[in-house]
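I have placed the structure first, in the form of structure tokens, so that the comments after it can refer back to it.
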Amino acid sequence: MSPAPFRSRRAPYFADVPDEKWNDWRWQLSKRLNTVEDFEHVLTLTEDERKALSTQGLFRVDVTPYFVSLIDPDDPHDPIRKQIIPTDCEVLPFTGMMEDSLAEDRHSPVPGLVHRYPDRVLMLVTTQCASYCRYCTRSRIVGDPSATFSRSEFEAQIEYLRRTPQVRDVLLSGGDPLTLAPKLLEELIARLREIEHIEIIRLGTRVPVFMPQRVTDELCDMLQKYHPVWMNIHVNHPNEITAELAQAADKLTRAGIPLGNQSVLLAGVNDCVHIQRKLVQDLVRIRVRPYYLYQCDLVEGAGHFRTPVAKGIEIIEGLRGHTSGYAVPTYVVDAPGGGGKIPVMPNYQISASDHKIVLRNYEGYISTYEEPLTYEPHDPKTCPYCRTRRMEPGQEGVSGLLDGVDMFIKPEGFDQLHNRGGGAHRLRDNADKWKPLGIGSGNED
């Protein structure tokens with residue numbers, strides 16, 4: 002790997018810590034900062050921060066010495082500082098605020114397992130993190146030092162996966178899976194790899210950013226035994242990309258682990274196209290592919306981080322065409338109520354006719370693309386993939402309208418609501434002909 006232009010930083014307070022301790026991830030965990038007195042060793046706290054750190058009932062505070070060293074101690078608006086040190090803004094309610102904004106609990110067939118999408122699941126394996134983001138989506142369950150997932154809950158998760166053959170992709174998250182004891186982490190991954198229909202194992206982690214010392218040769222050697230293993234990290238600002246993170250990313254990629262990045266659009270942190278361009282370009286330099294840019298969730302305590310969705314669209318407009326395509330993340334709103342990730346982007350198709358579409362590029366250049374005059378549609382009856390496809394009821398969604406005989410999706414209770422003045426017998430008579438798909442299929446009567 003060519004030398005990266007990224008620096009190491011260590012707060013003066015930690016200058017006398019021997020390198021062997023500083024570079025030990027267990028030392029980093031054991032020396033996390035969480036009180037007014039701790040932070041005053043490295044920062045000059047504002048009154049808002051001091052008040053929040055002394056307030057009972059706020060989301061847990063813990064920051065590794067490494068990560069707190071990345072803060073400019075003289076800048077009260079430092080973008081890393083805003084992400085990890087609470088202020089009294091966290092107690093302010095806002096319109097649309099929810100405890101479980103993504104309805105994960107509603108999509109959980111067994112404790113700790115979220116099965117929202119057809120072929121993949123989210124497996125929550127711990128409630129602990131190396132440090133705690135102030136906008137955490139799972140603050141309702143994450144951070145309680147007395148809470149953890151039990152052995153019986155792990156067994157229930159594994160058993161559900163064994164008997165659910167449509168699941169081919171498992172994402173380990175939490176909390177952060179890289180805070181687990183190494184033996185337990187390997188046991189979980191090994192047991193997943195024993196399940197024949199699970200093709201991909203992914204880890205969602207911010208540990209390489211909060212504590213890159215955790216990315217040891219031993220960790221990389223363990224992970225590469227269970228390929229294919231993928232990993233998404235979580236970097237929100239260019240200041241988080243250091244020589245240590247670059248080295249950790251290099252170790253992981255050399256172990257054959259593809260790296261992606263998921264960032265969250267945060268007011269006062271990265272809601273600027275120039276910051277975002279610097280971020281994605283620096284990520285690519287350390288071989289991390291920008292994957293998602295999330296709109297901030299409607300979670301309690303995060304109201305002051307929220308931006309209009311239009312800000313995210315503006316940022317994507319300023320990235321597409323202005324940097325490499327593989328450096329442009331997908332901007333998504335994780336739909337409140339459990340709708341999953343919905344991509345949102347600028348409009349590049351201006352208009353269309355039956356033979357031509359009109360497109361514009363990032364510069365405003367407008368062009369047309371001629372549609373084919375003849376096109377032989379794909380025939381699902383002769384396609385071996387279509388003939389063998391297997392879907393559970395309700396999984397067709399909008400795709401089922403485009404690639405099937407169904408003509409509509411009806412919400413649950415739709416027929417009862419629209420049966421004003423009778424006519425229920427006609428609807429029942431036509432039920433076989435107009436079979437609904439999606440939510441409410443078969444439940445209208």
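Under the working numbering, read the sequence shown as residues 2 to 446, first letter to last. For every residue, glycine included, the Cβ atom is placed at its ideal position computed from N, Cα and C. No experiment lies behind these values; they were computed from the predicted model shown.
Note: leucine 294 is bridge-paired with Ser264, Tyr332 in the DSSP secondary-structure output.
For valine 208, the CB contacts under 6 angstroms within the same chain, skipping 5 residues up- and downstream, are Ala131, Asp177, Leu179, Arg215 in chain order. Counting only runs of at least 3 residues, the region 336-386 fully encloses the following beta strand (DSSP E) elements, listed from N- to C-terminal order: 341-344, 350-353, 357-361, 367-371. Ranked by Cα distance from arginine 288, the options Lys83, Ile234, Asn240, Glu156 are led by Ile234. Restricting attention to Val310, Leu114, Asp63, Val92, the CA atom closest to the CA of arginine 82 is found in Asp63. If you draw a straight line from the Cα of threonine 88 to the Cα of histidine 78, it comes to about 12 angstroms. Here valine 168 is not near leucine 193, since their CB atoms are 7 angstroms or more apart. In the structure shown, leucine 224 falls within a helical segment according to DSSP collapsed to helix, strand and coil. A Cβ-Cβ distance of about 7 angstroms is found for the pair valine 122 and leucine 162, placing them in contact under the 8 angstroms criterion. Per DSSP, arginine 117 lies in no alpha helix (DSSP H); the unbroken beta strand (DSSP E) holding it starts and ends at 114-118. Per DSSP, valine 171 is one residue of the beta strand (DSSP E) stretching across 170-174. Taking C-beta separations shorter than 8 angstroms and ignoring five residues to either side along the sequence, the partners of aspartate 218 in its chain run Lys252, following chain order. Judged by DSSP in its simplified three-state form, glycine 319 adopts helix. Relative to valine 329, the option among His305, Ile358, Gly261, Cys137 whose CA is nearest is Gly261. Beta-bridge pairing by DSSP links tryptophan 231 to Arg203. Annotation: the continuous beta strand (DSSP E) that includes leucine 123 extends over 121-125.
Closest in C-alpha terms to phenylalanine 150, from the list Ala53, Pro112, Gln29, comes Pro112. Separation of glutamate 38 and aspartate 145 (C-alpha to C-alpha, rounded to the nearest whole angstrom) is 21 angstroms. Taking a C-beta distance under 7 angstroms as the contact criterion, leucine 267 and phenylalanine 211 do not qualify as a contact pair.
Isoleucine 367 counts as exposed, since fewer than 16 other beta carbons sit within 10 angstroms of its beta carbon. Taking 7 angstroms as the cut-off, the beta carbon of glycine 302 is found no closer than this to the beta carbon of phenylalanine 40.
Annotation for valine 333: Tyr293, Leu294, Tyr295, Gln296, Lys342, Ile343, Pro344, Val345 place their beta carbon closer than 8 angstroms to its own, counting only its chain and skipping 5 residues before and after. A direct Cα-Cα distance of roughly 15 angstroms separates isoleucine 410 from leucine 418. DSSP, reduced to helix, strand and coil, places isoleucine 410 within a strand of the structure shown. Counting along the chain, the unbroken alpha helix (DSSP H) around alanine 250 starts and ends at 244-255.
Between the region 10-29 and the region 64-75, the count of C-beta pairs closer than 8 angstroms reaches three or more; the two stretches touch. If you draw a straight line from the Cα of valine 115 to the Cα of arginine 141, it comes to about 15 angstroms. Close CB contacts of glycine 313 within its chain, under the 7 angstroms cut and outside five residues either way in sequence, are with Leu266, Leu294, Gln296, Tyr332, Val345 (chain order).
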